[in-house]
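Numbered per the working numbering, the first sequence spans residues 682 to 1605.
Glycine residues also receive a C-beta, built at the ideal position from the N, C-alpha and C atoms.
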Amino acid sequence: MEYAFRDIERKWQDNWKQSNAYKVHNESSKPKYYVLDMFPYPSGAGLHVGHPLGYIASDIFSRYKRLKGFNVLHPMGYDSFGLPAEQYAIEHGIPPAVSTDANINTFRSQLDKIGFCYDWDREVRTSSPDYYKWTQWIFLQLFDSWFDRQHQKARRISELEAIFGKEGNVSHTCPGDRKLHFNAEAWQAYDNVRQQAILMHYRLAYCGVGEVNWCEALGTVLANDEVINGVSERGGHPVVKKKLRQWYLRITEYAERLLAGLQTVDFSDSMKEMQSNWIGKSFGAEIDFNLVSENQLAAGKQLRVYTTRPDTIFGVDFMVIAPELALVLEITTSAQMDAVGQYLDYVNSRSERERMAEKRISGVFSGAYVQHPFEDRLIPVWISEYVLAGYGTGAIMAVPCGDERDFKFAKHFDIPVTNIIGAHFNGEDANPTKDAVLENSGFLNGLLMRDAILVAIDKLEEMGIGKRQTNYKIRDAAFSRQRYWGEPFPVIWHNETAKTLPEADLPVLLPELSDLKPGPDAQGPLANLPDWVQSNGGIREVNTMPGYAGSSWYFLRYMDPANGQEFCSRKASDYWGQVDLYIGGTEHAVGHLLYSRMWSKALFDLGYIGFDEPFKRLVNQGKIGGDSRLVYRIRGTKQFVSAGFKSQYETDELHVDVSLVDGFNLDMEGFTKWKPDFADATFITEDGVYKCGSRLEKMSKRYFNVVNPDDIVSQYGADTFRMYEMFLGPVEQDKPWDTKGIEGVHRFIKKFWRLFFDAEKGAVFTNTPASDAAWKAFYRMVKKVEEDTSKFSFNTAVSGFMIGVNELTDLKCHSLELLEKLLVVLSPYAPHITEELWSCIGKEGSVLEAEYPVVQVQYLVESTREYPVAINGKTRTTMNLDLGITQDEVEKLVLADQVVIKWLEGKSPKKIIYVKGKMINVVV
RNA sequence: GCCCGGGUGGUGGAAUCGGUAGACACGCAGGACUUAAAAUCCUGUUCGCCGAAAAAGCGAGUGCGGGUUCGAUUCCCGCCCCGGGCACCA
682 MEYAFRDIER
692 KWQDNWKQSN
702 AYKVHNESSK
712 PKYYVLDMFP
722 YPSGAGLHVG
732 HPLGYIASDI
742 FSRYKRLKGF
752 NVLHPMGYDS
762 FGLPAEQYAI
772 EHGIPPAVST
782 DANINTFRSQ
792 LDKIGFCYDW
802 DREVRTSSPD
812 YYKWTQWIFL
822 QLFDSWFDRQ
832 HQKARRISEL
842 EAIFGKEGNV
852 SHTCPGDRKL
862 HFNAEAWQAY
872 DNVRQQAILM
882 HYRLAYCGVG
892 EVNWCEALGT
902 VLANDEVING
912 VSERGGHPVV
922 KKKLRQWYLR
932 ITEYAERLLA
942 GLQTVDFSDS
952 MKEMQSNWIG
962 KSFGAEIDFN
972 LVSENQLAAG
982 KQLRVYTTRP
992 DTIFGVDFMV
1002 IAPELALVLE
1012 ITTSAQMDAV
1022 GQYLDYVNSR
1032 SERERMAEKR
1042 ISGVFSGAYV
1052 QHPFEDRLIP
1062 VWISEYVLAG
1072 YGTGAIMAVP
1082 CGDERDFKFA
1092 KHFDIPVTNI
1102 IGAHFNGEDA
1112 NPTKDAVLEN
1122 SGFLNGLLMR
1132 DAILVAIDKL
1142 EEMGIGKRQT
1152 NYKIRDAAFS
1162 RQRYWGEPFP
1172 VIWHNETAKT
1182 LPEADLPVLL
1192 PELSDLKPGP
1202 DAQGPLANLP
1212 DWVQSNGGIR
1222 EVNTMPGYAG
1232 SSWYFLRYMD
1242 PANGQEFCSR
1252 KASDYWGQVD
1262 LYIGGTEHAV
1272 GHLLYSRMWS
1282 KALFDLGYIG
1292 FDEPFKRLVN
1302 QGKIGGDSRL
1312 VYRIRGTKQF
1322 VSAGFKSQYE
1332 TDELHVDVSL
1342 VDGFNLDMEG
1352 FTKWKPDFAD
1362 ATFITEDGVY
1372 KCGSRLEKMS
1382 KRYFNVVNPD
1392 DIVSQYGADT
1402 FRMYEMFLGP
1412 VEQDKPWDTK
1422 GIEGVHRFIK
1432 KFWRLFFDAE
1442 KGAVFTNTPA
1452 SDAAWKAFYR
1462 MVKKVEEDTS
1472 KFSFNTAVSG
1482 FMIGVNELTD
1492 LKCHSLELLE
1502 KLLVVLSPYA
1512 PHITEELWSC
1522 IGKEGSVLEA
1532 EYPVVQVQYL
1542 VESTREYPVA
1552 INGKTRTTMN
1562 LDLGITQDEV
1572 EKLVLADQVV
1582 IKWLEGKSPK
1592 KIIYVKGKMI
1602 NVVV
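The following block contains the structure:
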């Protein structure tokens, strides 16, 4: 019987579908395990071989866990709201709902061919009303909540209102407006509009006017993580700062908990670091300096700065404030007014992009001074764009001997530099050390800088001119988009007051709209639907939610996907709990992962779920790159020269479709038929062969280097494809796709098949018992595969299978008692062939229900009778097990392949080193 | 500039709480079976030296240069290179 993988795989895929083999129940006596993939955005391009890498890894792990006795939740769905579908609609006139459905169908058929064990009954689509009803509902919960800083948790707005009625906001500083203070009487005296405006400053989802990232080309605002180097992440269009009324998530309130939570989860170091950099916590002090200026407006005012280095207070040579601060005009003297005005014009003329692209040293003196708090010294106040208005207080104290930027500024404007760190400062460069002993520093003299930080803060606090302050770089996240293809907000505006819709009115359906042109005044397309906008005497919010809204909680919906009453029942989320294993790319480090962590924390605070970190463990799969093929056209001709001779000509490099190239050899006939341009191409070959050049780059249509998994599956089968993707290298690693190596894995699968069936003889499996040698080989393999699988080292696990099957083949082992165990171990990797063989050898049910074999240690220990022994490098004798080692210790020795045992002989401890059954080295 | 991660045969990659470097696979070379091909199987394959060849042996070898150690791909110090992230955050 031949290994007819096409028939086998189709048969079992149909069978699984019909029998609902992967159905998962929320009731089970087994322990639970939740394996989650980052769900895909269903793009029009379909899947290439890079996409399934993580899916295959998670599928293998899910199947493995299932065999080990866990009730495994392993769902899949689609992140189907978002910009690309809308862009596609604008360009091609196809409604997003239609193209999205078509794309999902393509994805589904591609996924099905690979044999995943998803429970499709639990599929979610973020663009489906059944789903986004609950996205809107969670938004309402965030809107109805505020963050209690004292208890570090979200609470209901009604509780805040009660507090305001009793004591005003004395205990709860307003996060949206630090200067807002009122008492109970004042609160009660405010009218409803005023009260609502104040509450808005506290809500976790709020609407406010702020500087946002506006992308003209996309016609929408973007969150900070969607902007990279001043251009949009999608499409690379310019982004400018614009003041707009926008919805935000008050994620800044969760900065501390988002940071602290990283300690409790198993993410890679780099992932944790990216997140903590984004949150950007720093410790320091805010210090008030008394202003001295002839400008009347500055009289009696202070300049408040933020610094992480209060120890350098005696090294301050000038102050710098951001040009955007209102204070600028209050302090500027009449003599400097013109210069400052010109400078502000210059700053306004520069876009965000220009500012970042060329960091010029620029600035202007305000004419004002501040008084140094400890010395009789006036310090000039400058205005410069290198100080950011949005961070700290928007003002700094500049210490040129210790800060590079301050130093360059001082040099540029000839400001004298005070040295407080003695020989650590060479006059040429600033030195940001904390290890210098302070000089010229008054009461701090003689202190080590890192110790002086606290001394200085204590002194400032004592004097009442400064206080400890922790700052975060993270900003509140823009939560509205001026787009169509997203969740509508369940909000109606009555003049300036936002009213939310009751739960019973959800979902607010996204109306059908054929023309997706922007609405007036930078509003989204929904503004073009007057009938929809007018509602109950109010006006609907016409913005929609951003792409990350739906993806911030989808892992909860999988637990209880059909629930019409709740987003997810508490019973379901208590049962499934945290995602035990989350697999996805690093590109979501500061977007999706932060937002979903925040939403989880808010839902936890409000009592809707029982855990506040959604993902216990995160594994980032690498990207699979394309291996492009290049041809070289002699400039101005239709003649192509083989790579070996290209240096002899002036050539233009062109990408050629990888399917037209075998290794590096071009199919010249195929090439001439590929595109009309090349129909009359001629070739300069190397002995009749045209050699292509190659380059590793992103897999993309435009480079003609995309490999479709469907093609691989139809040529080699899903089982081979699955194992080969794993065999390629560690899952976490980026790597190029190379189809050539797949032969090796395919040979392995065929070899495995031949343990059961021979092409001529038919069935070769037997009921005779397996030999000890066969069991030995088998259990060694199981041990390795099991260890590697649980360690996520799938590539070496595949090697383990290859070694094991080679050994069993050499031993001519066809014994059923062994082979059926072998099927179980292999089934997570190659589910189709193992299922087929399971039924061929007459086993009942499915290999899915089987039990994972337990490694029998005695088969591993057997070989450990004698070892040559080396003492201090010299081979001396042979050692038997009677050297005082117990059987127990030997088992450990063998199980670990290499174990150090320490024991006492006389006085000095010695160690034995055992290496792969061959040698023991004794070190005295 | 700062912070991570990484440099191992022709290729993808094994092996690191220090212990036979190169597992497994690709490719390549040779061979068996075959009229032939496909498929399958076997042998060899880090480099250099010695040899007609085989066997055996010798020497070097995990980016470069030092160090610790009986022993270093693994630990320490100093460089070089590649990949990723952040980038006026005071």
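Under the three-state reduction of DSSP output, D969 falls in the strand class.
Here C1521 carries a helix assignment [DSSP, helix/strand/coil]. By alpha-carbon distance to G961, the top candidate from A936, D947, L978 is A936.
When the five nearest sequence neighbours on each side are left out, the beta carbons in the same chain lying within less than 6 Å of the beta carbon of A1478 are those of V1466, D1469, T1470, in order along the chain.
If you compare the alpha carbons of F1321, G1317, H1513 with that of D695, the shortest gap goes to H1513. Within 10 angstroms of the beta-carbon of H832 lie fewer than 16 other beta-carbons, which makes it exposed.
A distance below 8 Å separates the beta carbons of A1076 and R985. Counting along the chain, H1175 sits inside the beta strand (DSSP E) bounded by residues 1172-1175. The C-alpha of D718 is placed about 15 Å away from the C-alpha of R789. In the assembly as shown, P1211 is an exposed residue. Its beta-carbon has fewer than 16 other beta-carbons within 10 Å.
When the Cα atoms are used, D1333 and G1306 turn out to be separated by approximately 23 Å. Straight across, the Cα-Cα distance linking L1010 with A1016 is about 12 Å.
DSSP places S1232 in the helix class (H, G or I) of the three-state scheme.
Contact between N894 and N905 is confirmed by a C-beta separation of about 7 Å, below the 8 Å threshold. Residue nearest to P1390 within the set Y715, P733, P1192, N786 is P733 (criterion: CA-CA distance). Rounded to whole angstroms, the Cβ separation of L1275 and W1519 is 44 Å, and the two are not in contact under 8 Å.
Counting along the chain, V1463 sits inside the alpha helix (DSSP H) bounded by residues 1453-1471.
When beta bridges are read from the DSSP output, R938 appears opposite no residue. Its chain contains I1042 as the residues whose beta carbon lies nearer than 7 Å to that of H1093, once the 5 sequence neighbours on both sides are disregarded; these appear in chain order. For the pair of segments examined, the segment 1228-1246 was found to touch the segment 806-813: the number of CB pairs separated by less than 8 Å reaches three. Secondary structure within the segment 1368-1394: the beta strand (DSSP E) runs of 3 or more consecutive residues, fully enclosed, are 1374-1378 (chain order). With the rule of 3 Cβ pairs closer than 8 Å, the segment 816-835 counts as touching the segment 1167-1176. Between the segment 1362-1375 and the segment 1306-1322, the count of C-beta pairs closer than 8 Å reaches three or more; the two stretches touch.
The segment 934-954 and the segment 965-973 do not touch, with fewer than 3 CB-CB distances between them shorter than 8 Å. Ranked by Cα distance from R1131, the first of V912, S1381, A1117 is A1117. In the DSSP assignment, F1437 falls outside any alpha helix (DSSP H), carrying neither H nor E. Runs of the alpha helix (DSSP H) lying entirely within the segment 866-937 and spanning at least 4 residues, in chain order: 873-881. Minimum Cα-Cα distance from N701 among the listed residues V1339, F797, V1412 corresponds to F797. In the pairwise beta carbon analysis, the segment 1246-1254 is classified as touching the segment 1284-1292: at least three pairs are separated by under 8 Å. The C-beta of V851 has fewer than 16 other C-beta atoms within 10 Å across all chains shown, which makes the residue exposed.
Using a 10 angstroms sphere on the CB of L1190, the tally of other CB atoms stays under 16, which defines it as exposed. Taking 3 residues as the shortest admissible run, the segment 1110-1197 contains the following complete beta strand (DSSP E) segments, listed from N- to C-terminal end: 1147-1152, 1172-1175, 1178-1181. Runs of beta strand (DSSP E) with 3 or more residues, each lying fully within the segment 734-802, are found at 752-754, listed in chain order. Here DSSP, grouped into helix, strand and coil, assigns E1334 to strand.
Between L1262 and F742, the C-beta spacing is below 8 Å. Counting along the chain, the unbroken beta strand (DSSP E) around L1262 starts and ends at 1262-1265.
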